[in-house]
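Report on the structure given below.
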Amino acid sequence: MINLLIAGYHGYGNCGDEATLMAMTTNIKEMAPDVNITAISHIPELTKTEYNINSIQRFNAIEVMRAIVKSDIILSGGGTLIQNGTSTRSLLYYLSIIKIAKLFKKKVMLYSNGIGPVNGKLNRRLVKMVVDNVDLITLREEFSKTDLLDMGVKKPKIYVTADAAFTLRSVSDEKARNFLIKEKIPLDKDIIGVSVRNWSKAKYGDKYIKEIANACDNMVKQGKTILFIPMEQPKDIEVSKRVMYEMKQDSYILQELYKPDEILGIIGQMKLILGMRLHTLLFSASKKVPMIGLIYDPKIEYYLNVLNMPNGGDIRTGDIDAKRLTAQMEGMFMGLERYEDILDEKIDILLDKARQNEILLCRELEQIRNYKKIN
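Taking the working numbering, the leading residue of the sequence shown gets 6, the next gets one more, and so forth.
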């Protein structure tokens, strides 16, 4: 039996991070049934139940230390863990897990990671000192590799793959439609799924909220249904309701808490997605639903370029306008098939890249098996 520990931002209700964990655990169980999985989580009881794995409390230092010592390999990821955009404490937390693991001579793999921002010379040196000693790195963006190289990380092999969530399988269309019926979402009109998040660094403050609201109003007047899809609860519910409050037309919001594969299925029922959250856009791509992205972070811009999908505005600079956004949505509805064809071509490439994460992990697991046979 191989003991594998996953360190990530789990148990906080973030659908993107949970989608990555769901995809990782499902894939590992299928390709390596001899692996015993443990995940670090904010709410370990929930993580155990949701994914049928072991889980420990992320702030219980003794439990985390024991899990590291017991493990044969530690996966850091997925998601953007090596960053201090949220806080330096978060960066130090994930670096400390890697550092402790290497002190105990454990294999460490950065799995489908995003990198940055890492601000401050000292923090960048710390990343170099710690991450340069891991065994393998897979990254979901080219710019993440560039940033690691700029920090001086050169020893481990670095592969640019794609987000592990691309391998997630959704619930059936029938089940997804039933969720919408239960939520009393009308199915007789085209539905535009909208995913927004709070962004305190937005230029001009809440201007983006009002512009999105006005654009959504314009689409309702044209016979479309607006459905807000919270990707992190309760944070996204609050900001979604702020947009709804600014709207003059009726709109809807998902009330229940759904699992990642259920959200993926629901997004598959949309005709168009307008999204800030990365995994809303990735789910949209997986289901071949055309999208317009709203940029607040380089990762959004990166994947819009990869997917060849339009940018609806930049929250960071305040470059967002209701009239332009409305025109973009109108234009996409006039050529949905063309955008669907683009996604049909792109998603196969991205799925192959995402599966590289699993293939490379399999090689590490095989090395562990061989070592255990000899010793």
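Yeah, the Cβ is synthetic: ideal placement off N, Cα and C, and Gly gets one too.
Checklist entry - Hey, would you say K212 sits closer than 8 Å to T322, going by beta carbons? => result Position 207 of the sequence shown, counted from the first residue, corresponds to residue 212. Position 317 of the sequence shown, counted from the first residue, corresponds to residue 322. Not a contact, by the Cβ cut-off of 8 Å.
Next on the checklist: By DSSP's criteria, E237 is part of a beta bridge. Which residues make up the other side?
Outcome noted: Against the sequence shown, residue 237 aligns to sequence position 232. For E237, which the question treats as bridged, DSSP gives the partners N19.
Next on the checklist: Which residue wins for smallest C-alpha separation from R182, given the options L269, F109, K246?
Outcome noted: Against the sequence shown, residue 182 aligns to sequence position 177. Nearest option by C-alpha distance: L269.
Next on the checklist: Just verifying my parser: in three-state terms, what is the DSSP assignment at K107?
Outcome noted: By one-based count along the sequence shown, residue 107 stands at place 102. Here K107 sits in helix by DSSP.
Checklist entry - Would you say the region 173–181 touches the region 267–283, given that touching needs at least three Cβ pairs under 8 Å? => result In short, these stretches touch, since the Cβ pair count reaches three.
Next on the checklist: Given a cut-off of 8 Å on the beta-carbon distance, is the pair I231 and T285 in contact?
Outcome noted: By one-based count along the sequence shown, residue 231 stands at place 226. By one-based count along the sequence shown, residue 285 stands at place 280. Taking 8 Å as the Cβ cut-off, I231 and T285 do not qualify as a contacting pair.
Checklist entry - Which value, in whole angstroms, describes the spacing of the CA atoms of I67 and G90? => result Residue mapping note: residue 67 aligns to position 62 of the sequence shown, counting from 1. Residue mapping note: residue 90 aligns to position 85 of the sequence shown, counting from 1. So the two alpha carbons sit approximately 27 Å from each other.
Item to check | Secondary structure of M156, DSSP reduced to three states | outcome: Within the sequence shown, residue 156 is the residue found at index 151, counting from 1. DSSP, reduced to helix, strand and coil, places M156 outside both helices and strands of the structure shown, so it counts as coil.
Next on the checklist: As a quick exercise: from L97, A170, Y116, pick the residue whose alpha carbon is nearest that of K133.
Outcome noted: On the sequence shown, residue 133 is found 128 positions in, with the first residue counted as 1. Measuring from the Cα of K133, the nearest candidate turns out to be L97.
Next on the checklist: From the DSSP secondary-structure annotation, give me the bridge partner or partners of M70.
Outcome noted: Locating residue 70 in the sequence shown gives position 65, counting from the first residue. DSSP, once it has assigned bridges, lists no residue as partnering M70.
Checklist entry - By DSSP, does V176 sit in helix, in strand, or in coil? => result Here residue 176 refers to the residue found at position 171 when the sequence shown is read from its first residue. Coil at V176, not helix or strand.
Checklist entry - Quick one, which of E55, K53, G83, I45 has its alpha-carbon nearest A72's? => result By one-based count along the sequence shown, residue 72 stands at place 67. When only C-alpha atoms are compared, the closest one is I45.
Item to check | Identity of the residue in G18, D137, L356, I217 nearest T331 by Cα | outcome: Reading the sequence shown from its first residue, position 326 is the one you call residue 331. The closest CA to that of T331, considering only G18, D137, L356, I217, is found on I217.
Item to check | Meets three-Cβ-pair contact criterion under 8 Å: the region 237–245 and the region 191–205 | outcome: The region 237–245 vs the region 191–205: in contact.
Next on the checklist: For the alpha helix (DSSP H) containing I379, name the first residue and the last one.
Outcome noted: Numbered from 1 along the sequence shown, position 374 holds the residue referred to as residue 379. Per DSSP, the unbroken alpha helix (DSSP H) holding I379 starts and ends at 341–379.
Checklist entry - Using the rule of at least 16 other Cβ atoms within 10 Å of the residue's Cβ for burial, across every protein chain shown, is S76 buried or exposed? => result Here residue 76 is taken as the residue at index 71 of the sequence shown, counted from 1. S76 is buried by the Cβ-count criterion.
Checklist entry - Within the chosen definition, does the region 341–351 reach the region 306–318 through at least 3 CB pairs nearer than 8 Å? => result Taking 8 Å as the limit for Cβ pairs, the verdict is that the region 306–318 does touch the region 341–351.
Checklist entry - At which residues does the beta strand (DSSP E) containing A220 begin and terminate? => result Taking the first residue of the sequence shown as position 1, residue 220 is located at position 215. Taken as a continuous stretch (DSSP letters only), A220 belongs to no beta strand (DSSP E), being part of the alpha helix (DSSP H) at 212–226.
Checklist entry - Smallest Cα separation from L283: which of I305, I297, G84? => result The residue you call residue 283 lines up with position 278 of the sequence shown. Ranking I305, I297, G84 by Cα distance to L283 puts I305 first.
Next on the checklist: Could you check whether V165 and E147 sit closer than 8 Å to each other, using their CB atoms as the reference points?
Outcome noted: Counted from its first residue, the sequence shown places residue 147 at position 142. Counted from its first residue, the sequence shown places residue 165 at position 160. Contact annotation: E147 and V165 have beta-carbon atoms nearer than 8 Å.
Checklist entry - Contact check, P49 vs I33 under 8 Å by CB: the rounded distance? => result As a working note, residue 49 is residue 44 in the sequence shown. As a working note, residue 33 is residue 28 in the sequence shown. Not confirmed; about 18 Å, so no contact.
Checklist entry - Does DSSP put V40 in a helix, a strand or coil? => result Position 35 of the sequence shown holds residue 40. Assignment of V40 by DSSP, reduced to helix, strand and coil, places it in the strand class.
Next on the checklist: For L86, which residues in the same chain have their Cβ closer than 6 Å to its Cβ, ignoring the five residues on either side in sequence?
Outcome noted: Taking the sequence shown and counting its residues from 1, one reaches residue 86 at position 81. Contacts found: Y99.
Item to check | Those residues which DSSP pairs with G13 across a bridge | outcome: As a position in the sequence shown, residue 13 is number 8, starting the count at 1. Residue pairing from DSSP leaves G13 without any beta-bridge partner.
Checklist entry - To which residues of the same chain is K194 closer than 8 Å at the C-beta, ignoring the five residues directly before and after it? => result Sequence index remark: in the sequence shown, residue 194 carries index 189 (1-based). Contacts found: G228, K229, T230.
Item to check | Bridge partners - L232, DSSP secondary structure assignment | outcome: One-based indexing of the sequence shown puts residue 232 at position 227. Bridge partners of L232: G198, Y257.
Next on the checklist: Measuring only from the beta carbon, is I217 closer than 7 Å to any heavy atom that is part of the ligand ZN?
Outcome noted: Among the ligands in the structure shown, none appear at all, so the ligand ZN cannot be discussed.
Item to check | Stretch pair the region 165–174 + the region 10–29: three plus CB contacts closer than 8 Å | outcome: Cβ pair count under 8 Å is three or more, so yes.
Checklist entry - So what's N59 in DSSP terms, helix, strand or just coil? => result As a working note, residue 59 is residue 54 in the sequence shown. In the three-state DSSP reduction, N59 falls in the strand class (E or B).
Checklist entry - Per DSSP, G424 forms a beta bridge with which residues? => result Outside the displayed range of the chain (6 to 380) lies residue 424, so it cannot be described from this structure.
Item to check | Alpha-carbon spacing of G336 relative to R329, whole angstroms | outcome: Translated into positions along the sequence shown, residue 336 becomes position 331. Translated into positions along the sequence shown, residue 329 becomes position 324. Spanning the two alpha carbons is a distance of roughly 10 Å.
Next on the checklist: Rounded to whole angstroms, what is the Cα-Cα separation between M224 and Y257?
Outcome noted: For the purposes of this step, residue 224 is identified with residue 219 of the sequence shown, where counting begins at 1. For the purposes of this step, residue 257 is identified with residue 252 of the sequence shown, where counting begins at 1. Rounded to whole angstroms, M224 to Y257 spans 13 Å at the Cα level.
Next on the checklist: Which of the three DSSP states is assigned to M296 in this structure?
Outcome noted: For the purposes of this step, residue 296 is taken as the residue at position 291 of the sequence shown. Residue state, collapsed to three classes: strand.
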